[in-house]
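Numbering-wise, the sequence shown is residues 258 to 571 according to the working numbering.
Glycine included, each C-beta is placed from N, C-alpha and C at the ideal position.
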Amino acid sequence: MLEKDFYVEQIKKLKKEKNAVILAHNYERPEIQDVADLVGDSLGLSQEASKTDASIIVFCGVHFMAETAKIISPNKKVLLPDVDAGCSLADSITIEQLRIWKKENPNAVVVSYVNTTAEIKSESDYCCTSSNAVEVVRAIPTNKDILFLPDRYLGNYAAAVTRREINVWNGSCHVHEKIGDINLNYAKRKYPNAEILVHPECSCSSSCIHKSALFKDCKNTKIFSTSGMVNYVKKSDASEFIIATETGIIHQLKKVAPEKKYRPVSKDSICEYMKLTTLEKLYNSLQKEVFEVVVPETIAKKAIIPIKRMLEIC
Ligand code: SF4
């Protein structure tokens with residue numbers, strides 16, 4: 258038996274025995290996506306997992322995603338197969354920096370992107386995703402100052418669309434930094450008939466969203482969530498798509514519309530944190546029930562509030 262088949266078989270067996278649900282973010286390795294019960298975006302996965310009767314959630318993603326799953330499902334055990342799976346965007350701001358920023362702006366409302374630690378969420382007023390950031394900002398009274406963190410592209414985009422002055426934290430994700438004007442324009446010239454699909458819920462695409470909103474020549478650009486993107490390629494007449502996000506999503510797109518062509522804006526748009534999880538690590542995680550992600554109750558109780566406020570708006 259091949260090593261891969263062995264792990265897949267064992268993972269499926271252990272999953273049943275332990276009543277576990279396996280979540281995989283769209284940017285995980287193809288073999289991880291294939292063995293998962295649910296594949297999608299971080300918040301959607303956490304919400305879906307909370308509806309299951311599983312006692313264990315194995316989150317094949319990065320640390321802040323597993324924390325969000327724990328916040329939403331406090332009674333389930335949440336495991337992260339690789340303890341080093343971090344996020345450069347979530348690391349863009351520390352709790353100490355946020356406290357200083359809040360002190361300097363005592364009356365401001367804090368809007369945090371979901372790609373933040375539980376601690377940052379616990380001291381925020383609202384959470385948001387890339388797809389609902391504009392709606393969340395619009396829901397805040399215009400006489401209130403806003404501190405938006407940590408992604409500067411998403412913050413500037415929300416400011417441009419809502420025409421509000423927003424204090425934006427100067428953070429970014431190292432992956433989407435690579436998806437810049439040069440790559441996008443090059444891809445558009447190379448594939449002039451392709452539609453451009455931008456994923457709205459991951460910070461990796463936020464610079465593209467910002468550019469799409471401001472560039473006059475972006476008529477052919479569509480902004481979708483992952484599921485929207487997956488549904489769209491199935492029904493679109495186009496046979497070719499430029500994909501402006503982490504390249505892992507292409508695995509899902511090929512599954513639903515294998516006859517079409519997908520051109521990543523940049524082949525380098527690969528998140529090394531997302532690729533840390535392997536079948537062997539997932540197997541190990543299920544077998545030994547490691548690495549458990551714990552969010553202190555005091556923080557979890559506060560961190561759920563901005564998430565709930567966001568869900569009430571959107
Ligand atoms: S792609 Fe960027 S935002 Fe997403 S997990 Fe990786 S570092 Fe974080």
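Buried or exposed (CB count within 10 angstroms, at least 16 for buried), residue i
i    : result
M258 : exposed
A560 : buried
F498 : buried
N488 : exposed
D408 : buried
P457 : Here the model assigns P457 a pLDDT of 48, short of 50, so the residue's position is not dependable, and the following value carries that caveat. Per the 10 Å Cβ criterion, buried.
N389 : buried
I268 : buried
E274 : exposed
E266 : exposed
D525 : exposed
K270 : exposed
E353 : exposed
T386 : buried
Q290 : buried
I357 : exposed
Residue i and residue j closer than 7 Å at C-beta
i    : j    : result
C430 : S542 : no
V572 : A501 : Residue 572 cannot be examined here, being either before or after the span of the chain that is shown, 258 to 571.
E305 : A375 : no
S369 : K360 : no
H320 : G343 : yes
I403 : I423 : yes
A514 : K491 : yes
I329 : S303 : yes
Residue i: first and last residue of the uninterrupted alpha helix (DSSP H) it sits in
i    : result
G412 : R409 to T419
I268 : E260 to E274
L533 : Element bounds for L533: n/a, residue is neither H nor E.
T555 : E554 to I570
E305 : S299 to S307
Reference residue i; option with closest CA among the options
i    : options                   : result
L295 : N276, K275, F316 and S312 : F316
K261 : H282, K272, E288 and L280 : E288
V366 : N400, K334 and Q354       : N400
Y448 : I480, Y519 and P331       : Y519
E529 : A326, F263, Y284 and I279 : Y284
A416 : V393, E549, L533 and V432 : V393
W426 : L355, V278 and R566       : L355
F548 : V292, H282 and I314       : I314
beta-carbon residue i near the ligand PLP non-hydrogen atom, thresh 6 Å
i    : result
C528 : As for the ligand PLP, it is missing from this structure, which binds only the ligand SF4.
Start-to-end residues for the beta strand (DSSP E) that takes in residue i
i    : result
E497 : E497 to A501
I279 : A277 to H282
Y519 : K518 to P521
K479 : T478 to I480
E452 : E452 to V455
Any C-beta of chain D under 7 Å from that of residue i
i    : result
R421 : Here there is only one protein chain, and chain D is not present.
**Study point:** beta strand (DSSP E) segments (min. 3 residues) lying fully within the stretch 318-389
**Key:** 334-336, 366-370 and 383-385
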